[in-house]
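2 protein chains.
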Amino acid sequence: MTSDPTAPATAGTTLALIDHLSRLGRRSAEAHGVPSGLRPRQFVALTVLREQGPVAQQTLASALRLDPSNLVGLLNELEGSGLVVRRRDPGDRRRHIVELAPDGARALEAAEREMACVEDGLLRALSGQEREVLHGLLRRALGDQLPTCAEADPPGGC
Amino acid sequence: MTSDPTAPATAGTTLALIDHLSRLGRRSAEAHGVPSGLRPRQFVALTVLREQGPVAQQTLASALRLDPSNLVGLLNELEGSGLVVRRRDPGDRRRHIVELAPDGARALEAAEREMACVEDGLLRALSGQEREVLHGLLRRALGDQLPTCAEADPPGGC
DNA sequence: TATTGTTATACTCTATAACTATA
DNA sequence: TATAGTTATAGAGTATAACAATA
């Protein structure tokens with residue numbers, strides 16, 4: 107049926123699995139009660155900020171595939187908690203440069219420890235080596251790096 | 107830092123990747139405009155119904171990790187479109203047995219072809235073999251089978 | 001005029017609790 | 001009384017459009 111032999115019988119179902127696993131992760135994280143009170147997107151946002159260093163809001167939004175207008179509220183909360191800092195770009199005063207605050211780095215580490223625990227429960231069927239493989243594949247699929255560049259939706263022949 | 111050598115430096119970040127990939131998949135699917143008009147959970151629901159055959163609503167809800175009350179509306183839509191059939195369990199007239207309708211099977215196949223296309227764009231960084239590995243790992247992580255059994259949240263030592 | 005961030009609004013998804021009909 | 005499904009409601013999450021300040 108598939109015209110492409112490199113995409114076998116699994117085609118079309120992997121995303122469903124990912125979606126479901128993502129759901130399980132969210133629910134499990136909620137059940138465990140993330141201590142830092144960080145929600146998924148806050149968690150990812152802090153991660154990107156740590157990897158990337160200071161970035162403009164729009165860049166961050168596109169990295170997170172989040173609409174800029176939604177990022178506003180997210181950053182308001184994070185800034186209110188002292189986890190990130192916003193400052194104007196001197197070069198272009200329209201821009202806000204967002205940066206991870208020391209408290210944010212600490213909160214992120216705490217959340218990571220907690221998430222490692224949740225993850226451990228969720229992936230308990232997999233060995234440590236398999237988890238590394240999984241992690242590597244996901245990372246490669248996402249562009250060999252954290253969600254950084256605004257890779258446009260594939261123009262591909264679909 | 108990690109006490110468990112089997113869970114290396116990747117610990118705590120895999121779920122974030124999964125979450126992000128899930129988001130990308132959703133957005134990409136929306137962008138492509140799923141032809142059958144099937145939303146993610148409808149898609150997964152039909153998949154489970156095909157794999158499992160007729161099941162009680164509650165069983166389906168727990169398989170999907172979806173609250174039974176939310177499943178009602180989902181099934182209403184699917185039944186309204188003629189994709190699934192609900193009938194009373196003769197043995198216990200409180201139960202509704204849900205079953206995939208012929209139209210549902212067709213819609214599912216169409217959606218799968220479409221999703222295979224979306225997936226192809228999303229996982230284009232991976233070879234066919236790698237995608238199989240990824241699929242296998244995800245499937246094993248989810249219990250070596252489709253979301254079927256109501257595996258309770260891990261009691262694990264967290 | 002174009003762009004960055006913001007506000008306002010609406011729509012979807014989901015969880016919770018109260019209700020019904022069967023058991 | 002307990003259970004399966006349903007309804008109603010509230011709260012996130014997210015997309016869209018309109019707006020302010022700056023370029």
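Protein chains in written order, with the working numbering: chain X, 107 to 264; chain W, 107 to 264. C-beta atoms are modelled at their ideal positions from N, C-alpha and C, and glycine is treated no differently.
Check your understanding: Among residues of its own chain, excluding the 5 on either side of W/Glu-183, which ones have a beta-carbon nearer than 8 Å to its beta-carbon?
Key -> Gln-148
Review point. Which ranges does the alpha helix (DSSP H) cover as unbroken runs of at least 4 residues, wholly within the segment 119-164 of chain W, from first to last along the chain?
Key: 120-138 and 146-158
Exercise for review: Indicate the three-state DSSP secondary structure (helix, strand or coil) for X/Leu-228 in the structure shown.
Suggested key: helix
Review point. Can the beta-carbon of X/Arg-274 be found less than 8 Å from the beta-carbon of W/Leu-244?
Key: Shown here, chain X extends from 107 to 264; a query on residue 274 of chain X therefore has no answer.
Check your understanding: What are the start and end residues of the beta strand (DSSP E) that includes X/Leu-206?
Key -> 202-206
**Study point:** Under the three-state DSSP convention, the category X/Arg-171 falls into
**Key:** coil
Practice item. Taking W/Arg-246 as part of the alpha helix (DSSP H), name the residues at either end of that continuous run. Key: 234-247
Review point. What does X/Leu-127 reach in chain W if we use C-beta pairs closer than 7 Å?
Key: Ile-124, Leu-244, Ala-247 and Leu-248
**Study point:** Contact set between the segment 229-242 of chain X and chain W, restricted to residues whose Cβ is under 7 Å from the partner
**Key:** Leu-229, Arg-230, Ala-231, Leu-232, Ser-233, Gly-234, Glu-236, Arg-237, Glu-238, Val-239, Leu-240 and His-241
Review point. Between X/Leu-177, X/Gly-234, X/Glu-225 and X/Ala-122, which lies nearest to X/His-202 when the distance is taken from Cα to Cα?
Key: X/Leu-177
**Study point:** Rounded Cβ spacing between W/Ala-162 and W/Asp-195 (contact assumed at less than 8 Å)
**Key:** 7 Å
Review point. In chain X, which residues lie with their C-beta within 9 Å of the C-beta of W/Pro-160?
Key: None at all; the shortest Cβ gap to chain X is about 20 Å.
Practice item. Please compile the residues from chain W whose C-beta is within a distance smaller than 8 Å of the C-beta of X/Val-191. Key: Neighbours of X/Val-191 on chain W: none; closest Cβ ~22 Å, over 8 Å.
Practice item. Please state whether DSSP places W/Arg-219 in a helix, a strand or coil. Key: helix
Review point. Sorted by chain position, which residues of the same chain lie with C-beta nearer than 8 Å to W/Asp-259's C-beta, five sequence neighbours on each side aside?
Key: In this prediction, W/Asp-259 has a pLDDT of 40, which is less than 50 and means its spatial position is unreliable; what the coordinates show is noted afterwards. Correct list: empty, nothing qualifies.
Exercise for review: Excluding the 5 residues preceding and the 5 following X/Arg-237 in the sequence, name in chain order all residues of the same chain whose CB lies nearer than 6 Å to its CB.
Suggested key: Leu-229
Exercise for review: Take the Cβ of X/Ser-109 as the centre, count every other Cβ of all protein chains shown within 10 Å, and call the residue buried at 16 or more, exposed below.
Suggested key: Low confidence applies here, because X/Ser-109 scores a pLDDT of 41, under 50, leaving its location unreliable and the question unanswered by this model.
Check your understanding: Cβ of W/Ala-222 less than 8 Å from any chain X Cβ?
Key -> yes
**Study point:** Nearest to X/Thr-119 (by Cα), restricted to the options W/Asp-125, W/Gln-158, W/Met-221 and W/Ala-169
**Key:** W/Met-221
Review point. Under 8 Å between C-beta atoms, does W/Val-204 make it to chain X?
Key: no
Check your understanding: For X/Val-190, which beta-bridge partners are listed by DSSP?
Key -> X/Leu-206
**Study point:** Neighbouring residues, chain X, relative to W/Thr-165 (Cβ below 9 Å)
**Key:** The contacting residues do not exist; W/Thr-165 stays about 16 Å from chain X at best.
Review point. Can the beta-carbon of W/Arg-133 be found less than 8 Å from the beta-carbon of X/Arg-171?
Key: yes
Review point. Helix, strand or coil for X/Gly-179 per DSSP?
Key: helix
Review point. Is W/Ala-122 closer than 8 Å to X/Thr-165 when the C-beta atoms are compared?
Key: no
Practice item. Please classify W/Arg-271: does DSSP put it in a helix, a strand, or coil? Key: Any answer about residue 271 of chain W is impossible in this case: the structure gives chain W only from 107 up to 264.
Practice item. Using only alpha-carbon positions, find the residue among X/Glu-218, X/Glu-225, X/Asp-226 and X/Leu-240 that is nearest to X/Gly-143. Key: X/Glu-218
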